[in-house]
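J.: Here's a structure for you.
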Amino acid sequence: MTTLVIIDAANVIGSVPDGWWRDRRGAAERLRDRLARDGMPGQDEPVELVLVVEGAARGVESVPGVRVDQAPGSGDDRIVELVAEAPDRPRLVVTADRELRRRVGELGADVAGPRTVHGPS
21 MTTLVIIDAA
31 NVIGSVPDGW
41 WRDRRGAAER
51 LRDRLARDGM
61 PGQDEPVELV
71 LVVEGAARGV
81 ESVPGVRVDQ
91 APGSGDDRIV
101 ELVAEAPDRP
111 RLVVTADREL
121 RRRVGELGAD
131 VAGPRTVHGP
141 S
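For reference, each letter of the sequence shown is one residue, going 21 to 141 in the numbering used here.
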């Protein structure tokens, strides 16, 4: 079964001090493009990649291999909704946000930190 991988774009982008704050939308597009090109590091099984964007990163469009979900409000709340909407499949949420990790964990999702996407430094 295909694993639903939901990526907290703001949290993952914010985990690398590379100037992302000057262009949040551009940083989200770079993350999306890298995921579309390289896939999810360390995943041998098929995955469905969903990149959740919020705030200044809204407007980033989906590309083949990565669906971009525009959170209408809180990105964390949207991620919890996406996890809740898919109870019958494996779900992995990529974030370092402790409260979000707790919330999705209560719904049975696995969690991983931003290094899962960035790879080792």
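For every residue, glycine included, the Cβ atom is placed at its ideal position computed from N, Cα and C.
As the structure is a computational prediction, the values presented were derived from the model and not from experiment.
Any chance you could list the beta strand (DSSP E) runs of at least 3 consecutive residues sitting entirely within the region 35-88, in chain order?
T.: Here the runs fully enclosed are 67-73.
J.: What residue does the beta strand (DSSP E) around T23 start on, and which one ends it?
T.: Looking at the DSSP string, the run of the beta strand (DSSP E) that includes T23 is T23 to D28.
J.: For L127, list the residues DSSP reports as bridge partners.
T.: Partner(s): none; L127 has no beta bridge.
J.: With a CB to CB cut of under 6 Å and the five nearest residues on each side skipped, what residues in its chain are close to A48?
T.: A29, V73, A77 and V80
J.: Tell me, please, which residues DSSP counts as bridged to V113.
T.: I26 and V131
J.: Among I99, V83, R57 and G93, whose alpha-carbon lies nearest the alpha-carbon of R121?
T.: If we check each option's Cα against that of R121, I99 comes out closest.
J.: In chain order, what residues of the same chain lie with their CB nearer than 6 Å to the CB of V83, ignoring the 5 residues before and after it?
T.: A56
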